[in-house]
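Residue numbers (the numbering used here): 6 to 261. Contents: one structure, followed by commentary.
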Amino acid sequence: MKVEVLGCGGSIGIPGEGTTAFLIDEDILIDAGTGVCNMTMPALEKIEHVFLSHTHLDHICALPFLIDTVGVFRPRPLSVYASAASIASLKQHIFNNSIWPDFTRIPTPDKGVMRYIEIHHEEPVTVGSRTILPIEVEHTVHAFGFIADDGAGRWAFSGDTHRTDRFYDIINAMGNVKRLFIEAAFPDKEAWIADLSKHLCPSLLFDELKKLNPDTEVWISHLKPREHQAIKAQLLQPDTPQRRVELLAAGMQFDF
Ligand SMILES: [Zn+2]
Ligand SMILES: [Zn+2]
Numbered sequence: 006m007k008v009e010v011l012g013c014g015g016s017i018g019i020p021g022e023g024t025t026a027f028l029i030d031e032d033i034l035i036d037a038g039t040g041v042c043n044m045t046m047p048a049l050e051k052i053e054h055v056f057l058s059h060t061h062l063d064h065i066c067a068l069p070f071l072i073d074t075v076g077v078f079r080p081r082p083l084s085v086y087a088s089a090a091s092i093a094s095l096k097q098h099i100f101n102n103s104i105w106p107d108f109t110r111i112p113t114p115d116k117g118v119m120r121y122i123e124i125h126h127e128e129p130v131t132v133g134s135r136t137i138l139p140i141e142v143e144h145t146v147h148a149f150g151f152i153a154d155d156g157a158g159r160w161a162f163s164g165d166t167h168r169t170d171r172f173y174d175i176i177n178a179m180g181n182v183k184r185l186f187i188e189a190a191f192p193d194k195e196a197w198i199a200d201l202s203k204h205l206c207p208s209l210l211f212d213e214l215k216k217l218n219p220d221t222e223v224w225i226s227h228l229k230p231r232e233h234q235a236i237k238a239q240l241l242q243p244d245t246p247q248r249r250v251e252l253l254a255a256g257m258q259f260d261f
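Take a look at the structure:
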């Protein structure tokens, strides 16, 4: 299994650093932030499955453009996997024929180029040789983290989250989770915003990582661009005894 970082930023403002989107192999998109906007047409056409952690704009905003670009040329519908709450939000607020067309009814109501598939906490979804396990995490809207597994290696992605427990328990119980991608959206001086918006800041993150088994590599995403340097400095402190973490960047590719 390959995972490519299409975007891992917390917002706009750093050219080339799109918001959250990861590509598994060539056909599975995990979140659809602005990172998708750097993909070529042939690469976009290979996407068959889109898993959404939650409906905040930085994780979904390329989905309307993706389906608009590839939709009518698709031999089968693009599958969008999300929680019941997220699907309801997408229908009501995005694909509502006001903000954007309802592509589940285009070109005809019974044969749309997009379809929703509801996914549930701790119920794995098999896509070819890969299994995606959604696990509820703690955010201001319903949100999943995911663990992807192709039988050879496992990758965990937290999505947007505040303090949470079950996600780490499952990673530890599974074993062989090679890497965790997790967020640190705010610097420590804005810990109160992290608490309010149910995100993490470095001190909260390091406290959370005490729950994680030591064999899993930790890679960080979702730094708010305005505070990028401050968050980075707090994450990468070689002289402190905290857990070692690495920073993600758009364009990185990982093998599992
Ligand atoms: Zn969010
Ligand atoms: Zn986000």
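All residues carry an ideal CB built from backbone N, CA and C; glycine is no exception.
Original post:
Comparing alpha-carbon positions, which option in Leu205, Glu22, Ser103 lies nearest valine 167?
Top reply: Looking up residue 167 in the sequence shown gives position 162. Going by the sequence as given, residue 167 is histidine instead of valine. For histidine 167, the nearest C-alpha among the options comes from Leu205.
**OP:** Anything with a beta carbon under 5 angstroms from a heavy atom of ligand 1 counts; list them all in chain order.
**Re:** His61, Asp165
Subject >> Secondary structure, alpha helix (DSSP H): runs of 4+ residues fully inside the stretch 134 to 206 >> reply: 171 to 179, 196 to 202
**OP:** Rounded to whole angstroms, what's the CA-CA distance from lysine 96 to leucine 83? Just pull it up for me.
**Re:** Within the sequence shown, residue 96 is the residue found at index 91, counting from 1. Within the sequence shown, residue 83 is the residue found at index 78, counting from 1. If you take the alpha carbons of lysine 96 and leucine 83, they lie about 15 angstroms apart.
Subject >> Three-pair Cβ contact test at 8 angstroms for the stretch 140 to 147 versus the stretch 180 to 195 >> reply: no
Original post:
When burial is assigned at 16 or more other CB atoms within 10 Å of the CB, is lysine 7 buried or exposed?
Top reply: Your numbering for residue 7 matches position 2 in the sequence shown. The residue in question, lysine 7, is exposed, as its Cβ has fewer than 16 Cβ neighbours within 10 Å.
Original post:
When DSSP builds the beta bridges, which residues end up paired with histidine 258?
Top reply: One-based indexing of the sequence shown puts residue 258 at position 253. Checking the sequence, you will find glutamine at residue 258 rather than histidine. Note: glutamine 258 sits in a beta bridge opposite Glu9.
Original post:
With threonine 24 and threonine 39 assumed to form a contact (beta carbons below 8 angstroms), what rounded beta-carbon distance in angstroms separates them?
Top reply: Working through the sequence shown from its first residue, we reach residue 24 at position 19. Working through the sequence shown from its first residue, we reach residue 39 at position 34. Threonine 24 to threonine 39, Cβ: 5 angstroms. Contact.
Original post:
How do the stretch 208 to 215 and the stretch 189 to 199 stand: do at least 3 beta-carbon pairs fall below 8 angstroms, yes or no?
Top reply: yes
Original post:
Quick one: any contact between the stretch 105 to 124 and the stretch 22 to 36, if contact means 3 or more CB pairs under 8 angstroms?
Top reply: no
**OP:** May I ask which residues mark the beginning and end of the beta strand (DSSP E) holding phenylalanine 56?
**Re:** Here residue 56 refers to the residue found at position 51 of the sequence shown. 54 to 56 is the span of the beta strand (DSSP E), which, as asked, contains phenylalanine 56.
Original post:
What residue from Cys66, Gly18, Ile17, Leu11 has the CA that sits closest to methionine 44's CA?
Top reply: Taking the sequence shown and counting its residues from 1, one reaches residue 44 at position 39. Minimum Cα distance to methionine 44 is reached at Leu11.
Original post:
So what does DSSP say about leucine 228, is it helix, strand or coil?
Top reply: Numbered from its first residue, the sequence shown carries residue 228 at position 223. Note: leucine 228 maps to coil in three-state DSSP.
Subject >> Burial state of phenylalanine 78 (16 or more Cβ within 10 Å) >> reply: For the purposes of this step, residue 78 is identified with residue 73 of the sequence shown, where counting begins at 1. With fewer than 16 other Cβ atoms within 10 Å, it is exposed.
**OP:** Give the DSSP bridge partners of alanine 87, in chain order.
**Re:** Your numbering for residue 87 matches position 82 in the sequence shown. Answer by DSSP bridge pairing, in chain order: Glu123.
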